[in-house]
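In what follows, a structure is listed as structure tokens, so that the remarks can point back to it.
There are 2 protein chains.
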Amino acid sequence: MGITKTEIFTEQQNEIATFAKAFGHPARVAILQHLFKINACICGDLVEEIGLAQPTISQHLKELKNLGLIKGSIEGTSICYCIATENWIKMKKVMMQFLDQDISNESCC
Amino acid sequence: MGITKTEIFTEQQNEIATFAKAFGHPARVAILQHLFKINACICGDLVEEIGLAQPTISQHLKELKNLGLIKGSIEGTSICYCIATENWIKMKKVMMQFLDQDISNESCC
DNA sequence: TTCTTTAATCGTAATATTGCAATGAACTTA
DNA sequence: TAAGTTCATTGCAATATTACGATTAAAGAA
């Protein structure tokens with residue numbers, strides 16, 4: 001009833017879904033792309049860059065941080081975020097494996 | 001309030017998010033993996049295989065079909081689903097490009 | 001200390017998603 | 001035609017997500 005039945009799926013399936021969910025919102029996609037583009041770390045101008053309110057961006061950042069895809073460190077009065085390289089690579093491996101499944105050349109329908 | 005502001009993002013960002021959202025539920029991941037595994041097309045035994053009620057599976061199939069990632073054809077009394085190869089490859093390209101962004105070797109935090 | 005800046009958190013409203021029982025539609029078989 | 005099979009649709013309840021105003025917390029500057 002409205003709650004995802006995580007128990008009936010494999011760990012791998014849940015992991016894929018969890019990562020995918022993180023990318024399932026354009027704001028989080030935009031945040032990650034910006035962090036990649038700006039080689040140096042970026043703090044609060046994500047708010048300006050993206051155009052959502054500060055609490056909203058903060059919330060999206062929190063989700064990405066909880067998943068371990070980004071990390072933030074205090075830098076004076078502001079906070080500096082960047083891609084958590086190691087975990088990004090791990091995640092990429094999991095997702096690539098899912099996306100890159102063999103497609104049989106004989107589809108029946 | 002509560003509704004994603006699609007307008008403020010690029011088409012590419014929205015596309016990535018839409019695809020990712022499709023993979024953001026373990027049931028849909030499981031469905032796709034099963035369709036890949038069973039080379040031949042599979043119809044309603046997805047219900048048995050996965051362990052969710054038939055309407056629930058049907059709903060997930062509909063989402064995947066709307067996105068164009070799978071297709072179904074009537075086969076007598078049952079319906080045969082399989083991966084929509086061309087669109088899958090297109091989607092893969094979009095997602096890979098996003099996942100495979102260059103990671104600068106000098107992360108600052 | 002007081003003011004300012006920066007970002008997290010709280011609280012709440014709007015909307016979306018998930019899941020299923022019940023029902024309906026289309027086809028097959030008896 | 002009647003009964004059975006297979007899957008889609010409807011309707012609804014439970015929960016999750018998105019967004020933001022208001023507030024709080026922490027650090028630097030006056």
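Chains B and R, in that order, give the protein sequences. Anchor point for the first sequence: position 109 equals 109 in the UniProt record's numbering, and the numbering is continuous, going up by one each time. Anchor point for the second sequence: position 68 equals 68 in the UniProt record's numbering, and the numbering is continuous, going up by one each time. Using N, Cα and C, we set each Cβ at its ideal position, and we do this for glycine too.
Within the UniProt domain "HTH arsR-type" (8-106) of chain B, the beta strand (DSSP E) runs of at least 3 residues that lie entirely inside it are, in chain order, 70-75, 78-83.
With a cut-off of 8 angstroms on Cβ pairs, the stretch 22-33 of chain R is in contact with the stretch 2-14 of chain B, counting three or more such pairs. Residue burial annotation: ALA84 (chain R) is buried, with at least 16 other C-beta atoms found within 10 angstroms of its C-beta.
Under the Cβ criterion (8 angstroms, minimum of three pairs), the stretch 46-64 of chain B does not count as touching the stretch 9-19 of chain B.
Scanning chain R for C-beta atoms nearer than 7 angstroms to the C-beta of GLY24 (chain B) yields ALA17, ALA20, LYS21, GLY24, reported in chain order. Straight-line measurement puts the Cα of MET96 (chain R) at about 11 angstroms from the Cα of GLN97 (chain B).
Secondary structure at THR4 (chain B): coil, using DSSP grouped into helix, strand and coil. Contact annotation: the stretch 54-70 of chain R touches the stretch 32-43 of chain R, with at least three C-beta pairs closer than 8 angstroms.
Of all residues in the stretch 41-54 of chain R, only CYS41, ILE50, GLY51, LEU52 place a beta-carbon less than 9 angstroms from a beta-carbon of chain B.
Closest by C-alpha distance to GLN101 (chain B), out of R:LEU99, R:THR56, R:LYS92, R:GLN101, is R:LYS92. For CYS80 (chain R), the CB contacts under 7 angstroms within the same chain, skipping 5 residues up- and downstream, are CYS41, CYS43, GLY72, SER73 in chain order. Taking 9 angstroms as the threshold, the shortest C-beta distance from THR10 (chain R) to chain B falls below it. When 8 angstroms is used as the limit between beta carbons, GLN13 (chain R) is near these residues of chain B: PRO26, VAL29, ALA30, GLN33, in chain order. Under the 9 angstroms criterion on CB atoms, LYS90 (chain R) is classed as non-interfacial with respect to chain B. For LYS65 (chain B), there are no C-beta contacts with chain R under 7 angstroms, since the nearest C-beta of that chain is about 12 angstroms from it. LYS62 (chain B) is outside the set of residues whose beta carbon lies under 9 angstroms from a beta carbon in chain R.
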